[in-house]
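Asker: In the working numbering, the protein residues as written are 5 to 293.
Cβ atoms here follow ideal geometry from the backbone N, Cα and C, with glycine treated the same way.
No experiment lies behind these values; they were computed from the predicted model shown.
1. Keeping to the same chain, check which residues put their C-beta closer than 8 Å to that of residue 28; ignore five residues upstream and five downstream.
2. Less than 8 Å between the beta carbons of residue 179 and residue 115, yes or no?
3. So who's on the other strand from residue 74, going by DSSP bridges?
4. Going by beta-carbon coordinates alone, are residue 260 and residue 246 separated by less than 8 Å?
5. Check whether the region 166-175 touches the region 109-129, taking contact to mean three or more Cβ pairs, one atom from each stretch, closer than 8 Å.
6. What does the Cβ neighbour count give for residue 221, buried or exposed, with the cut at 16 atoms within 10 Å?
7. Apart from the five residues on each side of it in sequence, which residues of its chain come closer than 7 Å, Cβ to Cβ, to residue 138?
8. In three-state terms, what does DSSP make of residue 193?
9. Look at the Cβ atom of residue 43, then the Cβ atom of residue 112, and state whether they are nearer than 8 Å.
10. To the nearest angstrom, report how far apart residue 128 and residue 84 are at their CA atoms.
11. Rounded to whole angstroms, how far is the Cβ of residue 258 from the Cβ of residue 66, which I believe are closer than 8 Å?
12. Within 10 angstroms of the Cβ of residue 110, are there 16 or more other Cβ atoms? Answer buried if so, exposed if not.
13. Between residue 213 and residue 167, is the Cβ-Cβ spacing less than 8 Å?
14. If we count the other Cβ atoms within 10 Å of its Cβ and call it buried at 16 or more, is residue 130 buried or exposed?
15. At a Cβ threshold of 8 Å, is residue 233 touching chain B?
16. Are residue 52 and residue 80 touching if we call contact CB-CB under 8 Å?
17. Give me the Cβ distance between residue 97 and residue 218, rounded to the nearest whole Å; I'm assuming they're in contact under 8 Å.
18. Going by other Cβ atoms of all chains shown within 10 Å of its Cβ, with 16 needed for buried, is residue 162 buried or exposed?
19. Reducing DSSP to helix, strand and coil, say where residue 234 ends up.
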């Protein structure tokens, strides 16, 4: 017998109705889809070749030929932003996947076991959490060298304790409930209860946290690329574009404005999407934006 009394059974139609009434979700979803579509399109088409240097066209202002202008090597900034989008999304997505894939089982296991196991795992979790993504990337780079793969590993390691904490906190709130006691009385093991009852009841919490970490992953990737620890040239990166623009703000401010806006809009869209998902799926929420 499976009991999920904490989550009311809603039809897909009712969930969609809530989604269409929630402005945060609609705006966030639209922005996220636009950024994702831009990244996908860049695999097959960009206005210009981002690896081709045209020195005669360097630092051209935005125009009909180059909507976002060109950089100090004559590369089209719009094309670079499109290609940079797929790099940022790929790094953040895989890093969040690593964090969720390792952190959620650890947090759920700690909550299920309790006692010394819980305490030991959480202290280890705190130790890993003490090393920010940038510091982890520096240590990994010192051993293996800079690159997108190492940035993914660094951000992924940083995400593990975040998801472990969220999963543990959510699971601890579920374990004392009556339907968990009924499942234990029915002879189910802690592993069965965790998989069949606990995880489904904290799925919304994990989904919302996933969107937040995805946005933070994009910021982290941009920061690592800015200091030269992320994707390496000639692969465009939003953070690297900002680094290249910092000494040319007077002569070519568009080199910083457009990559910066790409980061801001993407992170804003993901945060609005996560906020909207929380409003729609949280049965205790009555806010309609």
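Answerer: Once the coordinates are examined:
1. Cβ within range, chain order: 276, 277, 279, 280, 283 and 293.
2. Cβ distance < 8 Å, so residue 179 and residue 115 count as in contact.
3. 80
4. Residue 246 is positioned such that its CB atom lies closer than 8 Å to that of residue 260.
5. yes
6. buried
7. 227 and 228
8. coil
9. Cβ distance not < 8 Å, so residue 43 and residue 112 don't count as in contact.
10. 40 Å
11. 6 Å
12. buried
13. yes
14. exposed
15. Chain labels in this structure do not include chain B; a single protein chain is all it has.
16. Contact: yes.
17. Their Cβ separation, rounded to whole angstroms, is 7 Å, which keeps residue 97 and residue 218 in contact under 8 Å.
18. buried
19. coil
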